[in-house]
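So for the sequence shown, the numbering used here puts the first residue at 469; every next one is plus one. Cβ atoms here follow ideal geometry from the backbone N, Cα and C, with glycine treated the same way. Note that this is a predicted model, so its numbers are computed, not measured. See below for the structure under consideration.
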Amino acid sequence: MTAKTEGPYLVTGASGQLGRSILDRLLDRGIAPIVATTRSPAKLTEYAARGIEVRRADFDEPWTLEEAFAGARRMLLVSTSDLEPGQRLKSHLAAIDAAVAAGVEHIVYTSLTNPHPDSPITFAGDHRETERRLAALGISRTVLRNNLYTDLLLASGAQAVATGRLVAAAGDGKVGYVTRADCAAAAAAALADETGTATYDITGPASVGMAEVAAVLSSLAGTTISYVPTSAAELESAMVRHGMAAPMARLLVSIDEGIAAGHLDVASTAVEDLTGSEPTSVAAFLRANAAALSGRGS
Ligand SMILES: NC(=O)c1ccc[n+]([C@@H]2O[C@H](COP(=O)([O-])OP(=O)(O)OC[C@H]3O[C@@H](n4cnc5c(N)ncnc54)[C@H](OP(=O)(O)O)[C@@H]3O)[C@@H](O)[C@H]2O)c1
Numbered sequence: 469m470t471a472k473t474e475g476p477y478l479v480t481g482a483s484g485q486l487g488r489s490i491l492d493r494l495l496d497r498g499i500a501p502i503v504a505t506t507r508s509p510a511k512l513t514e515y516a517a518r519g520i521e522v523r524r525a526d527f528d529e530p531w532t533l534e535e536a537f538a539g540a541r542r543m544l545l546v547s548t549s550d551l552e553p554g555q556r557l558k559s560h561l562a563a564i565d566a567a568v569a570a571g572v573e574h575i576v577y578t579s580l581t582n583p584h585p586d587s588p589i590t591f592a593g594d595h596r597e598t599e600r601r602l603a604a605l606g607i608s609r610t611v612l613r614n615n616l617y618t619d620l621l622l623a624s625g626a627q628a629v630a631t632g633r634l635v636a637a638a639g640d641g642k643v644g645y646v647t648r649a650d651c652a653a654a655a656a657a658a659l660a661d662e663t664g665t666a667t668y669d670i671t672g673p674a675s676v677g678m679a680e681v682a683a684v685l686s687s688l689a690g691t692t693i694s695y696v697p698t699s700a701a702e703l704e705s706a707m708v709r710h711g712m713a714a715p716m717a718r719l720l721v722s723i724d725e726g727i728a729a730g731h732l733d734v735a736s737t738a739v740e741d742l743t744g745s746e747p748t749s750v751a752a753f754l755r756a757n758a759a760a761l762s763g764r765g766s
């Protein structure tokens, strides 16, 4: 399928897991020309060999951005992974300012489900304020509010399979889990195809609660795995007691608090609308990755 827009198409954060998957999708579709920016160009030599122009860009070194973004018409801004509250926003704003100065006409941004002021999720504010800046500038934009990656269930699922207990502070809350691969497909489509200015909830096919995740794990493991709801305070102190850094424990528990309060209980048709393919369900994803759940995966 050919693009319905004109490039050059620029993807930031291209050496990350999502970034690479987006590049693969764009290459599969024959989209060109593509510019990939990253803090570590050496990590993308295989993509340079496939015709992608790789440039160095670090949002925290704004002087690298003018050259890195030069000539781009449509840009996919992959949100950064900094854990310090407020730092992501600073990085994103530097990238947006540089994109506007470089003459970028359309920005696709990977945001978060319901990044509203009442969300307890520690990094929701960074996404909300990034969206706000894009809106204030009035630039043509596609906001992709990615729900939680289903992929994250592999780590907690493996632990649950090993112990027989899926422990979370998520109450009866549900999540519209979406695979990273489906997020990448949606992002590639939003970059290559004309969406106008729009906001999409990027989700899997259904909202799923922890009891349902435990039931899927039970059927895959052939043993009973129970959902054990706990309080946010108990979970956070247990994580720190087991050696997790306090800011990471706070971040992870804040996600559970967001689930419990219903902020991630969103399921939409956006992935299929953008890509033409149905998103992968939690059960199908876990079944396809059953080896990783039993500790036999890579
Ligand atoms: N929905 C979810 O469940 C979920 C889960 C985890 C993360 N996320 C968000 O989605 C993003 C992509 O996910 P992922 O799985 O690909 O994460 P990842 O593999 O950890 O990648 C981190 C990304 O952040 C970029 N980055 C970090 N600091 C940067 C800086 N100073 N300047 C420019 N780019 C910077 C990296 O780019 P380079 O290394 O190429 O420079 C890379 O693309 C994450 O960064 C995070 O914002 C969402």
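Inset, instruction - Hey, could you find the ends of the beta strand (DSSP E) residue 633 is sitting in? - result: Annotation for residue 633: the continuous beta strand (DSSP E) segment containing it runs 633-636.
Inset, instruction - State the Cα-Cα distance for the pair residue 469 and residue 725, rounded to the nearest angstrom. - result: Residue placement at residue 469 is poorly supported in this model, since its pLDDT is 48, which falls under 50; the coordinates still yield a value, given next. Cα to Cα, residue 469 sits roughly 41 Å from residue 725.
Inset, instruction - Tell me whether residue 617 counts as near ligand 1, meaning its Cβ is closer than 7 Å to at least one heavy atom of that ligand. - result: Taking 7 Å as the cut-off, the C-beta of residue 617 counts as close to a heavy atom of ligand 1.
Inset, instruction - Please classify residue 766: does DSSP put it in a helix, a strand, or coil? - result: At residue 766 the pLDDT is 48, less than 50, meaning the model places this residue with poor confidence; the figure from the coordinates comes in the next sentence. Coil, per DSSP.
Inset, instruction - Report yes if the C-beta of residue 549 is less than 7 Å from at least one heavy atom of ligand 1; otherwise report no. - result: It does: the Cβ of residue 549 is within 7 Å (strictly closer) of some heavy atom of ligand 1.
Legend entry - Residue environment, residue 472, which counts as buried when at least 16 other CB atoms sit within 10 Å: exposed
Legend entry - Beta carbon of residue 581 nearer than 8 Å to that of residue 647: no
Inset, instruction - Verify whether the separation of the beta carbon atoms of residue 750 and residue 672 is less than 8 Å. - result: The Cβ atoms of residue 750 and residue 672 sit closer than 8 Å to each other.
Inset, instruction - Quick one: measure Cβ to Cβ for residue 663 and residue 610, integer angstroms, because I've assumed they're closer than 8 Å. - result: 5 Å
Legend entry - Residue range of the beta strand (DSSP E) that includes residue 695: First-last of the beta strand (DSSP E) with residue 695: 694-697.
Legend entry - Per-residue DSSP class, three states only, for residue 610: Of the three classes helix, strand and coil, the one that applies to residue 610 here is strand, per DSSP.
Inset, instruction - Taking only heavy atoms of ligand 1 into account, decide whether any of them is closer than 7 Å to the Cβ of residue 482. - result: Yes, since a heavy atom of ligand 1 falls inside the 7 Å radius drawn around the Cβ of residue 482.
Inset, instruction - Give a single yes or no on whether residue 523 has its beta carbon closer than 7 Å to a heavy atom of ligand 1. - result: Answer for residue 523: no, Cβ out of range of ligand 1.
Inset, instruction - Report the rounded CA-to-CA distance for residue 696 versus residue 620, giving the unit in angstroms. - result: Cα to Cα, residue 696 sits roughly 18 Å from residue 620.
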